[in-house]
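Comments concern the structure below.
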Ligand SMILES: CC(C)(COP(=O)(O)OP(=O)(O)OC[C@H]1O[C@@H](n2cnc3c(N)ncnc32)[C@H](O)[C@@H]1OP(=O)(O)O)[C@@H](O)C(=O)NCCC(=O)NCCS
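In this note's numbering, the protein residues as written are 9 to 235.
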């Protein structure tokens, strides 16, 4: 989601892995632990990417990864300090407990360092329609981390949360964001004119959607074809 639901005013309160070129060709086999995600997010394991519950200790690496200009330019401004990320993480845990939102840390094989996030929020009670968003440290762009993490996240949305329609908004100027969504099989449904205020300018956004029936059919065909 271009516009992260988190706002600082809502609050009351490393070792960096090397981008692995080998991630490019990885195939995702997700191991989704069924659980009440509102109590504790499951750990979603792919071949080389793992999505897990955020922890307060992720604040420093997320600050380093997500507050650079190239990552933040087309998304809502991330927190500007490590303490701000700590408050953001605490907020994500409260929203998860409330059952309206979930945010995963992205980690890569062999490391527990958070290099990005995937988040989802309900757009209507019951999560029938939801919006997802993501941001990954730029050192990991083009490595396959996004695609593997996104596959885990979309599986979680449809199979665990029970989402029917998954929306995403991407500023038209955000080439990588739009390319990433297209790659995931999202359908571009429309243009949301002047819908996102960033740096004093109202930006147009593309609306992208994935339906559960399309995703699950594609997954069924894919899994059938590789036996
Ligand atoms: C969005 C993000 C997570 C995607 O991760 P990524 O590793 O860059 O994504 P990928 O490289 O796997 O996919 C991006 C695709 O867009 C393509 N692309 C890059 N620039 C593009 C452009 N200007 N126009 C169109 N497509 C473009 C890439 O070629 C790639 O497709 P390919 O793998 O088929 O070649 C990452 O770029 C990011 O964190 N961006 C900053 C945060 C952000 O904008 N988040 C919101 C997105 S809505």
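Beta carbons are placed, not taken as given, at the ideal position from N, Cα and C, and that holds for glycine.
Following the continuous alpha helix (DSSP H) through residue 69, name the residue where it begins and the one where it ends. Per DSSP, residue 69 belongs to the alpha helix (DSSP H) from 67 to 74.
Simplified DSSP state of residue 14, which is helix, strand or coil: Residue state, collapsed to three classes: coil.
Contact test: residue 79 Cβ vs ligand 1 heavy atom, cutoff 6 Å: Short note on residue 79: C-beta closer than 6 Å to some heavy atom of ligand 1.
Once you ignore the five residues that flank residue 176 on each side, which residues in its own chain have a CB closer than 7 Å to its CB? Within the same chain, and ignoring the five residues on either side of residue 176 in sequence, the residues whose Cβ sits closer than 7 Å to its Cβ are 9, 139, 140, 141, 189, 194, 216.
Could you check the C-alpha separation between residue 83 and residue 116 for me, to the nearest Å? Rounded to the nearest angstrom, the two C-alpha atoms are 23 Å apart.
Assuming residue 100 is part of the alpha helix (DSSP H), what are its boundary residues? 90 to 105 is the span of the alpha helix (DSSP H), which, as asked, contains residue 100.
Of the residues 104, 14, 56, 159, the one placed nearest residue 218, counting alpha carbons only: Closest option to residue 218, Cα to Cα, is 159.
Can at least three beta-carbon pairs, one atom from the region 153 to 173 and one from the region 64 to 81, be found at a separation below 8 Å? When C-beta atoms of the region 153 to 173 are compared with those of the region 64 to 81, fewer than three pairs fall below 8 Å, so the two segments do not count as touching.
Contacts around residue 76, its chain only, beta-carbon distance under 7 Å, and the 5 residues preceding and following it disregarded: Cβ neighbours of residue 76 within its own chain (closer than 7 Å, five residues either side excluded): 146.
Taking 7 Å as the threshold (C-beta atoms), are residue 179 and residue 155 in contact? It is not a contact, given that the beta carbons lie outside the stated cut-off.
Just the Cα atoms here: how many angstroms apart are residue 29 and residue 124? Unreliable placement is indicated for residue 29, whose pLDDT of 36 sits below 50; the coordinate value is still reported in the next sentence. The alpha-carbon atoms of residue 29 and residue 124 are separated by roughly 17 Å.
Express the C-alpha separation of residue 232 and residue 109 in angstroms, rounding to a whole number. Cα to Cα, the separation comes out at about 32 Å.
Tell me, to the nearest whole angstrom, how far the beta carbon of residue 49 is from that of residue 93; I am working on the premise that it is less than 8 Å. Actually they do not touch by this definition, with Cβ atoms about 18 Å apart.
Among 130, 85, 119, which residue has its Cα nearest to the Cα of residue 103? For the residues 130, 85, 119, the minimum Cα distance to residue 103 belongs to 130.
Residues near residue 184 in its chain [Cβ-Cβ closer than 8 Å; skip 5 each side]: Its chain contains 149 as the residues whose beta carbon lies nearer than 8 Å to that of residue 184, once the 5 sequence neighbours on both sides are disregarded; these appear in chain order.
When DSSP labels each residue in this structure, what does residue 46 get in the three-state scheme? In this structure, residue 46 counts as coil in the three-state DSSP scheme.
Expressed to the nearest angstrom, what Euclidean distance is found between the alpha-carbon atoms of residue 33 and residue 152? Only weak support exists for where residue 33 lies, its pLDDT of 35 falling under 50; the value from the coordinates is given anyway. Pairing residue 33 with residue 152, the inter-Cα distance amounts to about 7 Å.
Give every residue of the same chain whose Cβ lies closer than 8 Å to the Cβ of residue 199, excluding the five residues on either side of it in the sequence, and list them in chain order. Same-chain partners within the cutoff: 180, 212, 213, 214, 215.
Candidates 126, 207, 205: closest to residue 51 by CA position: Selected option, being the one with the closest Cα: 126.
Residue environment, residue 226, which counts as buried when at least 16 other CB atoms sit within 10 Å: Burial call: exposed.
Is it the case that the Cβ atoms of residue 59 and residue 122 are separated by a distance below 7 Å? The answer is no: Cβ separation not under 7 Å.
Expressed to the nearest angstrom, what Euclidean distance is found between the alpha-carbon atoms of residue 132 and residue 107? Roughly 12 Å separates the two Cα atoms.
Here's the rule: buried if 16 or more other CB atoms are within 10 angstroms of the residue's CB, otherwise exposed. What is residue 74? Result: buried.
State buried or exposed for residue 207, treating a residue as buried only when at least 16 other CB atoms are found within 10 Å of its CB. With fewer than 16 Cβ atoms within 10 Å of its Cβ, residue 207 is classed as exposed.
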